[in-house]
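When we follow our numbering, the leftmost residue of the sequence shown carries the number 446, and every step to the right adds one.
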Amino acid sequence: MAFFNYLLHFSACLTIFYGVFFLFFRKLTFFNLNRLYLLCALLVSLLIPVLTIKLPTFFKSVEMILPERSTTSIGIPDNFRAVPVNKTSFDWMLTVQVLYWGISGLLMLKLLYAIVVILLKTLKKGKKNGSFWYIYDHFNSNASFFNMIFLNPEGAEEERIVVHEQLHCRLLHSIDHLLLDVVAAFTWFNPIIYFLKRDLYQIHEYQVDHFLIQKYDPKDYAELLLRSASFESRKILNTFHTPSVLYRVQMMFKERSDGKLRMVYFLIIFPLTMVILYFNTSGRAYGSNAGRGFVLVIDAAHGGKDAGGISINGVQEKDIVLQVAYKLRDEARKRGISTVMTRGTDEFMTLKDRTALQGNFFISLHMNAGTSGKSSKGLELIYSAENMQAETSHQIALSLQEKLRKLQGMQVSDEVMNSNLYVLRKSRSPAVAIEMGDANFSPDLKFILNQEKQQELAGKIMDAITSF
């Protein structure tokens, strides 16, 4: 899920950058600058989602807790018990992932196949002359790929065509093609990448045409373009014949843009990048960045009229989890981490109100009490595959599992479970629930009622959160 969130952030950044190009730069005759802009837009959009920028802090972090009273009214079912995912149930998230990777894989295979065909054809039919390979082929249009030039032997104007393709090679246009094809293979769902490819390939032609009309008569060269027939070619090739020949001819005879307009690029691009970076700074800090600005939401399950599980000797789940929640809050405070508690007293909170609280990570505390007491799975970690950041939630759950195994006195379940628990599904941040043993199992109850063990448990939980 984290990778898909990255793709969405990338797509959003690319859309903004491309929108600026389309509105302000597309019709300008600064072909080199336009090419540079589109390539930088692509690369910066790839980088921005993985950057974490620390902004100056002007206000002190405030420890937050909800009011002691609440008039809300719906609780977690008393008999809630997370169970492993039913393997026979339909997993739409898995289906989406399989579909995505399947299409991306096919597109990458198609690209590799095209490259292999080009290389084999070069080895079979190519003739080296200087730094270029020339391949004469009746079935392909005039095109180039790195230093390999494909030519249709028919045509009287071969010199201008050859020079045209040599310029594509010297300007390294094939690198742009490969980069865009690889990115498009993984962002095939985003129409903006195809618009960007179209415009960048068009700019390639503008660049080459601009050079050629300085060497040859512009009108004769334009007539050559208009007479050229369209042939099918492999997409990663720079082709002489393109569907947009008319635009190329129009651009050749268009009046050059005023040089002062070059300043527009810098006046727009820098502020635009800063704005995108600014809006990309929230909700990304874990590990050493977890501290000032990081907010941990601590959910003590049940409360008020909703006692949760009740052991055979009358111990109520709502009381135990609240004790541990306070220990966890105090441990977070020691480490400079702000917290929000969904409840600070024995009060009743709706599920919706619990998930309405915003933070960087949501942890929900529970304890089982529905067994005979003869055995226990001990500490159990739970996440939801339906959470917006399910992959991150799962990874944090695994980190918690590893840290909690160092506790003495209560075992840790080997399985990280997937549950549709409301607070895990609806949390906007990564979310994990912990079942802290079984209140009907004497060793577990003895452990969790021990204040020192509660403190030790809180410490291990914070170790996992701050080290992720």
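Backbone N, C-alpha and C fix where the C-beta goes; we use that ideal spot for every residue, glycine too.
Boundaries of the beta strand (DSSP E) harbouring leucine 741: 740-745, taken from the DSSP string. By the neighbour-count criterion, in which a residue is buried when 16 or more other Cβ atoms sit within 10 angstroms of its Cβ, glycine 753 is buried. Taking C-beta atoms as the reference points, leucine 491 and phenylalanine 455 count as a pair closer than 9 Å. Pairing leucine 596 with alanine 486 gives a Cβ-Cβ distance that is not under 9 Å. The beta-carbon distance between alanine 745 and arginine 788, rounded to whole angstroms, is 6 Å. This is short enough to meet the 8 Å contact definition.
Short of 6 Å from the beta carbon of tyrosine 651, and not among the five residues preceding or following it, lie these beta carbons of its own chain, in chain order: Phe476 and Met696. Within the stretch 832-879, the runs of beta strand (DSSP E) at least 3 residues long that lie entirely inside it are, in chain order, 857-863. A check of alpha carbon separations from phenylalanine 591 across Ala667, Tyr710 and His613 identifies His613 as the nearest.
For threonine 540, the number of other beta carbons within 10 angstroms of its own is below 16, and it is reported as exposed. Leaving aside the five residues that flank lysine 572 on each side, the residues in its chain whose CB is nearer than 6 Å to its CB run, in chain order, Tyr579. Sequence-distant partners of isoleucine 637 (beyond 5 residues in either direction) whose C-beta falls short of 6 Å from its own C-beta, in its chain, are Leu459, Thr460 and Tyr463.
Put simply, the backbone Cα of threonine 837 is about 20 Å away from that of valine 857. In the three-state DSSP reduction, threonine 790 falls in the coil class, being neither helix nor strand. DSSP, read as helix, strand or coil, puts aspartate 582 in coil.
An exposed status is given to methionine 719, since fewer than 16 other beta-carbon atoms sit within 10 Å of its beta-carbon.
Counting C-beta atoms within 10 angstroms of its own C-beta, glycine 781 has fewer than 16 neighbours from the protein chains shown and is therefore classed as exposed. Contact between valine 861 and leucine 824 is ruled out by a C-beta separation of about 11 Å, above the 8 Å threshold. Nearest neighbour of asparagine 635 by Cα position, chosen from Leu453, Phe892, Val495 and Asn832, turns out to be Leu453. Looking only at Leu670, Ala884 and Val489, the smallest Cα-Cα distance to serine 689 is reached by Leu670. The beta carbons of glutamine 761 and serine 874 sit no closer together than 9 Å.
When Cβ pairs closer than 8 Å are counted between the two stretches, the stretch 762-772 is seen to touch the stretch 804-819, the count reaching three or more. The three-state reading of DSSP puts isoleucine 755 in strand, counting E and B together. If the five residues before and after arginine 701 are omitted, its C-beta is found closer than 7 Å to the C-beta atoms of Thr474, all from its own chain and listed in chain order.
Leucine 625 and phenylalanine 807 have their C-alpha atoms spaced approximately 38 Å apart.
In the three-state scheme derived from DSSP, where H, G and I count as helix and E and B as strand, valine 608 is classed as helix. Rounded to whole angstroms, the separation of the alpha carbons of arginine 480 and tryptophan 633 is 21 Å.
In this model, valine 561 and glycine 575 are separated by some 23 Å (Cα to Cα). Within 10 angstroms of the beta-carbon of isoleucine 620 lie fewer than 16 other beta-carbons, which makes it exposed. Nearest to valine 495 by alpha-carbon distance, out of His747, Leu617, Ile721 and Gln659, is Ile721. Annotation for phenylalanine 640: no beta strand (DSSP E) segment contains it, though the alpha helix (DSSP H) segment containing it runs 636-660. Less than 9 Å separates the beta-carbon of tyrosine 828 from that of serine 864.
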